[in-house]
Amino acid sequence: MTWHMDDGLATRYADGDLDATLASSVEAHLLACAPCRELLTPRVPRARLDRVWEEIAEAVDSPVPGPFERALRLVGVREHTARLLGAASSLRLSWISAGALALLFAVLAAGETTRWGLVGFLALAPMLPVAGVGVAYGRGADPAYEIGLAAPYPAVKVMLMRAAAVLATSALPALVIGLAVFGRSWAVAAWLLPALALTSLSLVLSRWFEPAHCALAVSALWLACVAGTNLGEPSLAMFGAAGQLASLAVTVVSCALLAARGKKAS
Amino acid sequence: MSVVVEGLTKTYGRRHALDGLSFTAGTGVTGLLGPNGAGKTTLIRLLATVLAPDRGTMRLLGRDPATERQAIRRRLGYVPQEPGYHRGFTVFEFVDYVAILKEMADRRTRHDEVRRVIDEVGLADVSGRRIRALSGGMRRRIGIAQALLGDPELVLLDEPTAGLDSEQRLRFRDLIARAGEGRTVILSTHQIEDVAALCAKVVVLKDGGSVFEGTPKELRGLAEGRTWVGGRKEGPLCRHTGEGVFRTLGDPPPGARPAEPTVEDGYLLLLHEAAPAATR
Amino acid sequence: MDDKTAWSDARLLTAVADGDRRALEIVYGRHAPWLVLRLGRRCADPAVVDEAVQDTFVAVWRTAGKWTGKGDPAAWIWGIGIRRLLDLLRRRPVAVAPAYEQVMVSAEEQVLLGVEYGDLGRALGALSPELRAVVQATVLDGLTTREAGKLLGIPTGTVKTRMMRAKALLREELA
Numbered sequence: 001m002t003w004h005m006d007d008g009l010a011t012r013y014a015d016g017d018l019d020a021t022l023a024s025s026v027e028a029h030l031l032a033c034a035p036c037r038e039l040l041t042p043r044v045p046r047a048r049l050d051r052v053w054e055e056i057a058e059a060v061d062s063p064v065p066g067p068f069e070r071a072l073r074l075v076g077v078r079e080h081t082a083r084l085l086g087a088a089s090s091l092r093l094s095w096i097s098a099g100a101l102a103l104l105f106a107v108l109a110a111g112e113t114t115r116w117g118l119v120g121f122l123a124l125a126p127m128l129p130v131a132g133v134g135v136a137y138g139r140g141a142d143p144a145y146e147i148g149l150a151a152p153y154p155a156v157k158v159m160l161m162r163a164a165a166v167l168a169t170s171a172l173p174a175l176v177i178g179l180a181v182f183g184r185s186w187a188v189a190a191w192l193l194p195a196l197a198l199t200s201l202s203l204v205l206s207r208w209f210e211p212a213h214c215a216l217a218v219s220a221l222w223l224a225c226v227a228g229t230n231l232g233e234p235s236l237a238m239f240g241a242a243g244q245l246a247s248l249a250v251t252v253v254s255c256a257l258l259a260a261r262g263k264k265a266s
Numbered sequence: 001m002s003v004v005v006e007g008l009t010k011t012y013g014r015r016h017a018l019d020g021l022s023f024t025a026g027t028g029v030t031g032l033l034g035p036n037g038a039g040k041t042t043l044i045r046l047l048a049t050v051l052a053p054d055r056g057t058m059r060l061l062g063r064d065p066a067t068e069r070q071a072i073r074r075r076l077g078y079v080p081q082e083p084g085y086h087r088g089f090t091v092f093e094f095v096d097y098v099a100i101l102k103e104m105a106d107r108r109t110r111h112d113e114v115r116r117v118i119d120e121v122g123l124a125d126v127s128g129r130r131i132r133a134l135s136g137g138m139r140r141r142i143g144i145a146q147a148l149l150g151d152p153e154l155v156l157l158d159e160p161t162a163g164l165d166s167e168q169r170l171r172f173r174d175l176i177a178r179a180g181e182g183r184t185v186i187l188s189t190h191q192i193e194d195v196a197a198l199c200a201k202v203v204v205l206k207d208g209g210s211v212f213e214g215t216p217k218e219l220r221g222l223a224e225g226r227t228w229v230g231g232r233k234e235g236p237l238c239r240h241t242g243e244g245v246f247r248t249l250g251d252p253p254p255g256a257r258p259a260e261p262t263v264e265d266g267y268l269l270l271l272h273e274a275a276p277a278a279t280r
Numbered sequence: 001m002d003d004k005t006a007w008s009d010a011r012l013l014t015a016v017a018d019g020d021r022r023a024l025e026i027v028y029g030r031h032a033p034w035l036v037l038r039l040g041r042r043c044a045d046p047a048v049v050d051e052a053v054q055d056t057f058v059a060v061w062r063t064a065g066k067w068t069g070k071g072d073p074a075a076w077i078w079g080i081g082i083r084r085l086l087d088l089l090r091r092r093p094v095a096v097a098p099a100y101e102q103v104m105v106s107a108e109e110q111v112l113l114g115v116e117y118g119d120l121g122r123a124l125g126a127l128s129p130e131l132r133a134v135v136q137a138t139v140l141d142g143l144t145t146r147e148a149g150k151l152l153g154i155p156t157g158t159v160k161t162r163m164m165r166a167k168a169l170l171r172e173e174l175a
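If you read the sequences in order, they're chains A, B and C. Per the UniProt record's numbering, the first sequence starts with residue 1, numbered consecutively. Per the UniProt record's numbering, the second sequence starts with residue 1, numbered consecutively. Per the UniProt record's numbering, the third sequence starts with residue 1, numbered consecutively.
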């Protein structure tokens, strides 16, 4: 480098008063010369630089939403709500797809065309949302749980919103698997009410116990019922009219209790 | 007084975590001292409105937590004893998450506030890093940052300096002292030096009750004229010092000479002599 | 504590790749002003320039890990900056590019130019504005033929033919 800019040249470059060829020289020089670049710093209004920096800081800091969160935004969920939902581990794409895969393999392993296969599917499908809800909130699952308890945003609301999201995201793959494996028949939807019953029951219990434990207990109870009605012969007793009615009753009572709790919290 | 607590009782089964505790706290840093199991964490959680007392009254920021919990929570900052962090979150993401829980809905103003508190605890450099990559001291500062969101009037810190090395502790003291300017900070701690350096007021808890309420200087005053060095090892309040002599509190052992007491001397003497709180 | 202001660009970029926000702020403080001015000579709309500068440093933040460590970081930043500007201009009507307008060259400036570019500088000055704009966009700004075409608002083919003509004229001039 044999020459450097002086203040005059810097001002003229900054003001656009240099002819194209000379400006090109200056620019080529600038790429290699830090002191001359520095000469230009005072030629740009501080306020303008600060304004641009604020935008950069915002873009750089803003959390990058995961695929599930982006999907929520697409269907109209507001940004801050989507954030709260997306923070739950069972509302990540990895968990949702793992649950669906587990269900698929379990059904295929049971032999999809036999009645055992159908019973197995109907017994397992409701446990998917229960497990998801069990790890979606609470002290064990949510590291900021204790902080959240002292925050104005109602913890019950977070719990219910996440439970609803888990139900929706686990019902969809279960329905698809059911339709794909068993074809169109009433049976592929027979697990829906039991799923609602089990999930709402475990939500009610989580008032007193750790949500993951509630999910485990409710699931165990469910499996015991299904196994009890299936001794020897595969039977769909749990999913017949009586079973559905019982599920409905559990769901209604649980939801009433949850609603009462939600009202009290807000 | 921003915190007025009277006759607070909380039991777990048959164990009294708090037993008729009363104290007040105003602007500045108030230290809660006490041995393990004295009820410090239970008290902090009650003040944070996370727990409800079995008996007794509380007024926080002039309001009753039983009926105006939300209003109190909006003006509250809370660092739990073992604050958890979503380890996969960046510092910014985590504080932003708590900001949402604090009802800051508008994204841009929320982000500005998050940047402000992260800057205030000196974590601006690492705000884009994942929490799992940070040191324990830095994680503790994230805890403070989230507690400062929304400029709360009451800040509760449950053993924020536990597990920090001495240099980190000094920096933390700075942070807490600054947080205590113009607001009420309640600091539960095991570190008597922290209390001596930071607090305008100390409350000593024992067996779920308050056995002392006053300034650190008054706490030290309890050992005035009752602190001795030298002599034989005698009694429960006698301990080794680095210089190979014994330091005794209470009655002087033969051949001992008086010594200048510290806040710790006052605290130890108090714990030893204080009657188990309340008569049960 | 804040001794990062004394760090070299290369060291700062390494820190930026590691997620250091403060390092990015210092890189911005050093490189934003000249980038604003230089991009301003290629686009008359300051709002578009500001947006390009913003995009540039966000890209620096996200891709600092890809910087090879070879060459001056300023050149790397410029490469990002001019392409971001192009991306923005592609989405809206082409703004005036004053850098490529004809201005009279004084004798004194000719001397300066001679120092930097020797005979090439004089030869460049002798080209017609259209031809010189193409040389500047491709040779000096480091754009591809296609990018230069977008920037100057002319088809790629025209850039190529003008470039060929410019090379022939320069060869004559320097012979």
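All residues carry an ideal CB built from backbone N, CA and C; glycine is no exception. Values in this document were obtained by computation on a predicted structure and should not be read as measured data.
CB contact check: residue i to chain C, cutoff 8 angstroms
i	result
A:Arg-70	no
A:Ala-47	no
B:Ala-99	no
B:Ala-223	no
B:Ala-278	Summary for B:Ala-278: the model assigns pLDDT 44, below 50, so the residue's position carries little reliability; its value from the coordinates is reported in the next sentence. So no, B:Ala-278 is outside the interface.
B:Ala-52	no
A:His-4	no
A:Glu-210	no
Closest Cα partner of residue i within the set the options
i	options	result
B:Gly-235	B:Pro-254, B:Leu-170, B:Val-155, B:Gly-128	B:Pro-254
C:Glu-173	C:Leu-127, C:Leu-151, C:Thr-63	C:Leu-127
A:Gly-132	A:Pro-42, A:Ser-219, A:Pro-63	A:Ser-219
A:Pro-65	B:Phe-94, B:Ile-142, B:Gly-31	B:Phe-94
C:Asp-72	A:Val-158, A:Leu-196, A:Arg-37, A:Ala-106	A:Arg-37
A:Arg-70	A:Trp-116, A:Ala-87, A:Ala-57, A:Ser-202	A:Ala-87
Cutoff 8 angstroms: residue i Cβ touching any chain A Cβ
i	result
B:Glu-103	yes
C:Pro-155	no
B:Thr-30	no
C:Gly-69	no
Per-residue contacts from residue i into chain C (C-beta, under 7 angstroms)
i	result
B:Val-95	Result: empty, since nearest Cβ-Cβ is about 13 angstroms, beyond 7 angstroms.
Minimum Cβ-Cβ distance from residue i to chain D less than 8 angstroms
i	result
B:Tyr-12	Absent from the structure: chain D. Protein chains present are A, B and C.
is_contact[residue i, chain B] using C-beta, thresh 8 angstroms
i	result
A:Met-1	Residue placement at A:Met-1 is poorly supported in this model, since its pLDDT is 44, which falls under 50; the coordinates still yield a value, given next. It does not: the Cβ of A:Met-1 has no partner Cβ on chain B nearer than 8 angstroms.
A:Tyr-13	no
A:Glu-38	no
A:Phe-121	no
Contact list for residue i against chain C, beta-carbon separation under 8 angstroms
i	result
B:Ser-127	Arg-21
B:Ala-145	The premise fails here: B:Ala-145 is roughly 14 angstroms from chain C at the closest Cβ pair, so nothing lies under 8 angstroms.
Contacts that residue i makes with chain A (C-beta to C-beta distance below 8 angstroms)
i	result
C:Leu-140	Ser-24, Glu-27, Ala-28
C:Arg-84	None at all; the shortest Cβ gap to chain A is about 12 angstroms.
B:Ala-48	Leu-149, Ala-150
B:Leu-134	Within chain A, no residue comes near B:Leu-134; the closest Cβ sits about 14 angstroms away, beyond 8 angstroms.
C:Asp-72	Leu-31, Ala-32
Check whether residue i and residue j have beta carbons under 8 angstroms apart
i	j	result
B:Gly-88	B:Arg-130	yes
A:Ala-212	A:Val-135	yes
C:Val-58	A:Val-60	yes
A:Arg-162	A:Tyr-137	yes
B:Val-263	B:Arg-247	no
B:Arg-63	B:Ala-71	yes
B:Val-204	B:Leu-270	yes
A:Ala-187	A:Leu-91	no
Partners in chain A for residue i, counting only beta-carbon separations shorter than 9 angstroms
i	result
B:Pro-152	Those within 9 angstroms of B:Pro-152 in chain A number zero; the least Cβ separation is about 10 angstroms.
B:Gly-84	Arg-139, Asp-142, Pro-143, Ala-144, Tyr-145, Glu-146, Ile-147
C:Trp-61	Ile-56, Ala-59, Val-60
Contact set between residue i and chain B, taken where Cβ atoms lie within less than 9 angstroms
i	result
A:Leu-84	Tyr-97, Ile-100, Leu-101
A:Pro-63	Phe-89, Thr-90, Phe-92, Glu-93, Asp-96, Tyr-97
Interface partners of residue i on chain B, CB under 7 angstroms
i	result
A:Ala-87	His-86, Tyr-97
Checklist entry - Quick one: any contact between the region 148-155 of chain A and the region 223-231 of chain A, if contact means 3 or more CB pairs under 8 angstroms? => result Between the region 148-155 of chain A and the region 223-231 of chain A, the count of C-beta pairs closer than 8 angstroms stays below three; the two stretches do not touch.
Item to check | contact_flag[the region 66-84 of chain B, the region 144-163 of chain B] where n(CB pairs < 8 angstroms) is 3 or more | outcome: Result yes; three or more Cβ-Cβ pairs closer than 8 angstroms.
Checklist entry - How do the region 201-215 of chain B and the region 225-245 of chain B stand: do at least 3 beta-carbon pairs fall below 8 angstroms, yes or no? => result These segments do not touch.
Item to check | Cβ pair count under 8 angstroms reaching 3, the region 197-211 of chain B against the region 29-47 of chain B | outcome: Taking 8 angstroms as the limit for Cβ pairs, the verdict is that the region 29-47 of chain B does touch the region 197-211 of chain B.
Item to check | Meets three-Cβ-pair contact criterion under 8 angstroms: the region 4-18 of chain C and the region 236-250 of chain B | outcome: The region 4-18 of chain C vs the region 236-250 of chain B: no contact.
Checklist entry - Are the region 42-53 of chain A and the region 24-35 of chain C touching, with three or more C-beta to C-beta distances below 8 angstroms? => result Yes: at least three Cβ pairs fall under 8 angstroms.
Checklist entry - Between the region 107-127 of chain B and the region 38-53 of chain B, do three or more beta carbon pairs fall short of 8 angstroms? => result Contact fails: fewer than three Cβ-Cβ distances are below 8 angstroms.
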